[in-house]
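Taking it in order: structure first as structure tokens, then the write-up.
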Amino acid sequence: MAAKYKTVIATDDGPRTCFQVVIPRDRGRKPLVARFGGIPLRRQRAAVLTDQSPIMASAKRNELIHRLLAEQCEICESTDRLEVHHLRKLADLKRHDRPDKPAWVHLMAKRRRKTLVICRTCHEDIHAGRNSTSLRN
């Protein structure tokens, strides 16, 4: 296949080897030409490169980012070692076995959010099933 379609073409930088397929057409129309290669790969030292800054999809920040930037636990208002507690889906809040649901479950359900920005201590309490200190509304 390579031998069949290999062609040498003339360019401004001299002859170049490429692969080329020419399909002749009827009624005096120009033939269709498909060419792969044949371009000079020499570096252009005088070329000017202009880097474009990326266009961000949205300049707005979402609610979670604002809550993180507040740098405060949403349960005890501590500012030490913040983390994000995350649920897979809001329906998991209804599955809580205890009739007296913890305050953090009510807070997440009220906000209809799957995340809570909390300190490390409150996060450990949630995963251990212990009651945390009073919630901030």
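With this note's numbering as the guide, the letters of the sequence shown map in order to residues 1125 to 1261. We put the CB at the ideal spot given by N, CA and C, even for glycine.
Counting along the chain, where does the alpha helix (DSSP H) carrying residue i start and finish?
i, result
"residue 1246", "1244-1252"
"residue 1191", "1187-1193"
"residue 1235", "1227-1235"
Note down, in chain order, each residue of its chain lying with its Cβ closer than 8 Å to the Cβ of residue i, except the 5 sequence neighbours on either side.
i, result
"residue 1143", "1126, 1129, 1130, 1131, 1159, 1160 and 1161"
"residue 1238", "1210, 1211, 1212, 1213, 1214 and 1232"
"residue 1139", "1132 and 1133"
Apart from the five residues just before and just after residue i, which ones in its own chain have a Cβ nearer than 6 Å to its Cβ?
i, result
"residue 1252", "none"
"residue 1141", "1132"
"residue 1148", "1155"
May I ask which residues mark the beginning and end of the beta strand (DSSP E) holding residue i?
i, result
"residue 1217", "Residue 1217 -> no beta strand (DSSP E), and no H or E assigned at all."
Tell me whether residue i is buried or exposed, calling it buried when 16 or more other Cβ atoms sit within 10 Å of its Cβ.
i, result
"residue 1249", "buried"
"residue 1195", "exposed"
"residue 1229", "buried"
"residue 1210", "exposed"
Per DSSP, residue i is paired with what?
i, result
"residue 1207", "1242"
"residue 1142", "1131 and 1161"
"residue 1147", "1156"
Can you list, in chain order, the residues of its chain with a C-beta nearer than 7 Å to that of residue i? Leave out the 5 residues immediately preceding and following it.
i, result
"residue 1244", "1205 and 1207"
"residue 1157", "1144 and 1146"
Sufficient close CB pairs (3 or more, under 8 Å) joining the stretch 1159-1166 to the stretch 1201-1220: Using a C-beta cut-off of 8 Å, the stretch 1159-1166 makes no contact with the stretch 1201-1220, since fewer than three inter-stretch Cβ pairs fall below that distance.
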